[in-house]
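*Asks:* One structure follows; several queries about it will come next.
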Amino acid sequence: MYIMEFIQQYWIYGLGFFAQSLFGARLLVQLFYSEKQGKVVSPTIFWQLSLLASFLFLIYGIIRNDIVIIIGQTLSYFIYVRNLQLKNDWTKIPLVLRIVLLLLPMVTLTWIIFGADQKMSQIFSKNDFTNPIIFMGAIGQLMLNLRFIHQWYYSEKHKTSILPLGFWIISTGASILILIYATYRVDPVLLVAQSMGIVVYIRNIVIHFKGKTSAL
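Counted from 1, the sequence shown has number 202 at position 202 by full-length UniProt numbering; the numbering is strictly sequential.
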C-alpha cells in the first residue's frame, strides 16, 4: 500500500514538475531572445510552450484539488491562444489540433462539474479561503492571470503581441505571494517554479530600463 501511494504521489509531482519545466523553458527562451536583442520581446515559442504547460498544470491542479491552480490556468489558457492569433501563428497549427486545444480545458472543467460527483466538494473542502495563507495564494494566482489581461490589453492596443513592463512588475509581486503559499502547502512544484521565475521577472525589468536608457 505504501509503495502504491508513493508511486501515485511521485507521478502527480512528476506531472506538475513537467508542466512547470515547460513554463520555465518559456521564460528562459524569452529571456534569451530579449538578451540577444537588448530589449524585452515576445517570441512565438513563448506562447506555444505556455499553452501546452497551462493544460498540463490544469490537470495537476485538478488532481491536487487546488482551486487556486484550476482558476488560474483556466483564465490564462485562452489569452495564450489570443497571443498566437495576434502573432499570426495560430492558423499555422493544423485545424484538428486547434480544435482539440480549444476543447481540452472546457472538457476538463465539464468533467469536474458534471462527471465527478465528489470532485467539487473535495476541491472546496481543501481550500479554506478564510485561511490568510490560502487567500494570499489565491491573490497571487489572480495576479499571475491579471498580468496576462494587462499584457492582452497592451497587445490589442498595439495590434501585436508584446510583454510590457507592468507584466513583469505584477509577475514579481505575484511570485512572492505564491512562494509563501507554496511553502505553507509544502508544494515543491510551485516552490521551484516561482523561485526560478522571480529571477527572470526581475531580469526583464532590468532589460526594459536598460533599453529605455539606450534609446535616450
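The C-beta atom is built at its ideal place from N, Cα and C for all residues, glycine as well.
(1) Count the other CB atoms within 10 Å of the CB of Met-143; is the residue buried (16 or more) or exposed (fewer)?
(2) Identify, in the order they occur along the chain, each residue of the same chain with its Cβ nearer than 6 angstroms to the Cβ of Leu-47, setting aside the five sequence neighbours on each side.
(3) Would you check if there are 3 or more beta carbon pairs closer than 8 angstroms linking the segment 198-209 to the segment 28-37?
(4) If Gly-137 and Ile-178 are in contact, beta carbons under 8 angstroms, what's the gap, nearest whole angstrom?
(5) Which residues in the same chain have their Cβ closer than 6 angstroms to the Cβ of Gln-20, if we skip the five residues on either side of it in sequence?
(6) Going along the chain, which unbroken runs of the alpha helix (DSSP H) with 4 or more residues stay wholly within the UniProt domain "Lipid A biosynthesis N-terminal" (15-86)?
(7) Check whether the Cβ atoms of Met-196 and Gly-24 sit closer than 8 angstroms, and answer yes or no.
(8) Please tell me whether Ser-42 and Ile-162 are closer than 8 angstroms, where the distance is taken between their beta carbons.
(9) Does Ile-134 pass the burial test, meaning 16 or more other C-beta atoms within 10 Å, or should it be called exposed?
(10) Mark Gly-14 as exposed unless 16 or more other C-beta atoms lie within 10 angstroms of its C-beta, in which case mark it buried.
(11) Look up Thr-91 in the DSSP assignment and say whether it is helix, strand or coil.
(12) Hey, which unbroken runs of the alpha helix (DSSP H) at 4 residues or more fall wholly within the UniProt domain "Lipid A biosynthesis N-terminal" (136-207)?
(13) Measure the CB-CB distance between Ile-198 and Ser-175 and report whether it falls below 8 angstroms.
(14) Can you list, in chain order, the residues of its chain whose CB lies under 7 angstroms from that of Gly-72, leaving out five sequence neighbours each side?
(15) Using a 10 Å radius around the Cβ and a threshold of 16 neighbouring Cβ atoms, would you call Leu-103 buried or exposed?
(16) State yes or no: is the C-beta of Leu-56 within less than 8 angstroms of the C-beta of Phe-18?
*Replies:* Put simply:
(1) Here residue 143 corresponds to residue number 143 of the sequence shown, with the count starting at 1. Burial call: buried.
(2) As a position in the sequence shown, residue 47 is number 47, starting the count at 1. Leu is not the amino acid found at residue 47; the sequence shown has Trp there. Correct list, in chain order: Tyr-80, Asn-83 and Leu-84.
(3) A contact between stretches requires three or more CB pairs, one per stretch, nearer than 8 angstroms, and the segment 198-209 meets this requirement with the segment 28-37.
(4) For the purposes of this step, residue 137 is taken as residue 137 along the sequence shown, with counting starting at 1. For the purposes of this step, residue 178 is taken as residue 178 along the sequence shown, with counting starting at 1. The beta carbons of Gly-137 and Ile-178 sit about 6 angstroms from each other, so the pair counts as a contact at 8 angstroms.
(5) Sequence index remark: in the sequence shown, residue 20 carries index 20 (1-based). Cβ neighbours of Gln-20 beyond the five flanking positions: Val-189 and Ala-193.
(6) Restricting attention to alpha helix (DSSP H) runs no shorter than 4 residues, the UniProt domain "Lipid A biosynthesis N-terminal" (15-86) encloses them at 44-63 and 67-86, ordered along the chain.
(7) As a position in the sequence shown, residue 196 is number 196, starting the count at 1. As a position in the sequence shown, residue 24 is number 24, starting the count at 1. Yes, the Cβ-Cβ distance between Met-196 and Gly-24 is below 8 angstroms.
(8) Position 42 of the sequence shown, counted from the start, is the residue given in the question as residue 42. Position 162 of the sequence shown, counted from the start, is the residue given in the question as residue 162. With contacts defined as CB atoms closer than 8 angstroms, Ser-42 and Ile-162 qualify as a contacting pair.
(9) Within the sequence shown, residue 134 is the residue found at index 134, counting from 1. Buried, by the Cβ-count rule.
(10) Taking the first residue of the sequence shown as 1, we reach residue 14 at position 14. Exposed, since its Cβ has fewer than 16 Cβ neighbours within 10 Å.
(11) Mapped onto the sequence shown, residue 91 falls at position 91. Helix at Thr-91.
(12) Taken in chain order, the unbroken stretches of alpha helix (DSSP H) that lie wholly in the UniProt domain "Lipid A biosynthesis N-terminal" (136-207) and span 4 residues or more are 165-185.
(13) The residue given as residue 198 occupies position 198 in the sequence shown. The residue given as residue 175 occupies position 175 in the sequence shown. Their beta carbons are under 8 angstroms apart, which means Ile-198 touches Ser-175 by this criterion.
(14) One-based indexing of the sequence shown puts residue 72 at position 72. Within the same chain, Gly-72 has close Cβ partners Gln-141, Leu-144 and Asn-145.
(15) Counted from its first residue, the sequence shown places residue 103 at position 103. The residue is exposed, with fewer than 16 neighbouring Cβ atoms inside 10 Å.
(16) Within the sequence shown, numbered from 1, the residue matching residue 56 stands at position 56. Within the sequence shown, numbered from 1, the residue matching residue 18 stands at position 18. It is a contact, given that the beta carbons lie within the stated cut-off.
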